[in-house]
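Colleague:
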Amino acid sequence: METTNLSGLKRADFQATVQGKQTDLFFLTNQKGCEVAITNYGGALVAIMVPDKDGKMGNVIQGHDNIQDVINSPEPFLSTLIGRYGNRICKGTFTLDGKTYKLAINNGPNHLHGGPTGYHARIWDAKQTDAQTLELHYISPDGEEGFPGTVDITVTYSFTDENELVIDYKATTDKKTIINLTNHGFFSLAGIDNPTPTIEHLQCQINADFFIPIDDTSIPTGEVVAVKGTPFDFTTMHEVGDMIDADDEQTKNGAGYDHCFVLNKTEEGELSYAAKIVEPTTGRTMEVYTTEPGVQVYTDNWADGYPGQHGATFPRRSAICFEAQHFPDSPNRPHFPSVVLCPGETYTQKTVYKFGVEA
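For the sequence shown, position 132 matches number 133 in my numbering, and the numbering has no gaps at all.
1. Quick one, are the C-beta atoms of Gln350 and Tyr120 less than 8 Å apart?
2. Have a look at Lys277, Glu293, Asn208 and Asp249 and flag the residue whose alpha-carbon is nearest the alpha-carbon of Glu269.
3. Short check: CB of Thr5 to CB of Phe15, under 8 Å?
4. Which same chain residues, not among the five before or five after Thr30, have their C-beta less than 6 Å away from its C-beta?
5. Going straight from the alpha carbon of His112 to that of Ala360, what length do you get?
6. Assuming Gln326 and Asn181 make a contact with CB atoms under 8 Å, what is their CB distance in whole Å?
7. Put Lys253 into one of helix, strand or coil per three-state DSSP.
8. What is the DSSP secondary structure of His112, counted as helix, strand or coil?
9. Does DSSP put Gly9 in a helix, a strand or coil?
10. When you compare only the Cα positions, how much space is there between Val263 and Ile39?
11. Quick check on Cys343: buried or exposed, where buried means 16 or more other Cβ atoms within 10 Å of its Cβ?
12. How would you label Ile140, buried or exposed, when you count the other beta carbons within 10 angstroms and need 16 or more for buried?
13. On the three-state DSSP scale, how would you describe Glu201?
14. Let me confirm a value: Pro110 is counted as buried when at least 16 other C-beta atoms fall within 10 Å, else exposed. Which label applies?
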């Protein structure tokens, strides 16, 4: 039975049998009357309905309005959960305890986001525990996409009455492995449209004094570089587009921003402020908080105007992503924070996207 919802999405359009499991659509609603819609295919966010400064509701996340379009999206990672390893691993290889593991090559010469059949393309077991909470569970088998160890993962989405979308991750393994989970939300605070407005005029602040430079295949050089005096200095709020096309090797290598920022932390694993964006026309704001040491900021540099929900289209740079995570290629960079998970340990991560308005 269809229930009325803000996003106009129909649950029946997301119900299918895929990989022998049932896909579905789940709605989280809070006391403010706002709404988040999530499918258990890849844990994809397909609607975040929040008000602008005039109280007008709009969808601020890019996605699709039926399960087949989610599965066949031109952007396979569109607003999905990412794993077993978010971001890139150089040449798709890493060594753990003397054994070399080979992964899929799906981004130039490198491995990206857990491979073509990573967690973004899996059916998660879903349980909606109340109006504001959805639990997703997935068991990633030993050897899946080349990664060692059977990993048992629970991701909990909760939507608070303060318009915070909270994502809690928990995972265990039966064999030593690597893990780096994230969410690849493509945020469009102006609201999705045809065409969805670009993000160059977003005001942005990132709580990071350092960033990780990349080579021309988007693999870290191994350096950690101060943002001061570079196009990556968002320590004070300014427009995303100010220096996105600067005559700079790093913005050229990323075709804009596609870099990991090293977040300022007072202690490892603390939940702390990472970033804030303000959309000047609508007044919508989003703050990001995370326990992770880094956030990959991606300015949707490769979109080509493909279609999304309800006739919206997604041109180049019509979204911005804040992928809270450990650093790219960490398995091959011993001086980066460890991404190794051992039996008996529990991987945890928490990221919060808090939506608001400023007049």
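For each residue, glycine too, the CB sits at the ideal point set by N, CA and C.
Modeller: Walking through what the data contain:
1. In the sequence shown, residue 350 corresponds to position 349, counting from 1. In the sequence shown, residue 120 corresponds to position 119, counting from 1. Contact flag unset, no.
2. Here the question's residue 269 lines up with position 268 in the sequence shown. Of the listed residues, the one whose Cα sits closest to Glu269 is Glu293.
3. Counted from its first residue, the sequence shown places residue 5 at position 4. Counted from its first residue, the sequence shown places residue 15 at position 14. Inclusion of Thr5 and Phe15 in the CB contact set at 8 Å is not warranted, their separation being larger than that value.
4. Taking the first residue of the sequence shown as 1, we reach residue 30 at position 29. Closer than 6 Å at Cβ, skipping near neighbours: Glu36 and Ala132.
5. The sequence position of residue 112 within the sequence shown is 111, counting from 1. The sequence position of residue 360 within the sequence shown is 359, counting from 1. The straight-line gap from Cα to Cα measures roughly 43 Å.
6. In the sequence shown, counting from the first residue as 1, residue 326 sits at position 325. In the sequence shown, counting from the first residue as 1, residue 181 sits at position 180. Right, their Cβ atoms sit about 5 Å apart.
7. Taking the first residue of the sequence shown as position 1, residue 253 is located at position 252. In this structure, DSSP gives Lys253 a helical state, which the three-state scheme calls helix.
8. As a working mapping, residue 112 is identified with position 111 in the sequence shown. The DSSP-derived three-state label of His112 is strand.
9. Position 8 of the sequence shown, counted from the first residue, corresponds to residue 9. Looking at Gly9 - three-state DSSP - the assignment turns out to be coil, as it is neither helix nor strand.
10. Counted from its first residue, the sequence shown places residue 263 at position 262. Counted from its first residue, the sequence shown places residue 39 at position 38. Straight-line Cα distance between these residues: approximately 29 Å.
11. Along the sequence shown, one-based indexing puts residue 343 at 342. Under this definition Cys343 is an exposed residue.
12. What you label residue 140 is simply residue 139 of the sequence shown in a count that begins at 1. Exposed is the call here.
13. Looking up residue 201 in the sequence shown gives position 200. DSSP places Glu201 in coil when its eight states are reduced to three.
14. Locating residue 110 in the sequence shown gives position 109, counting from the first residue. Burial call: exposed.
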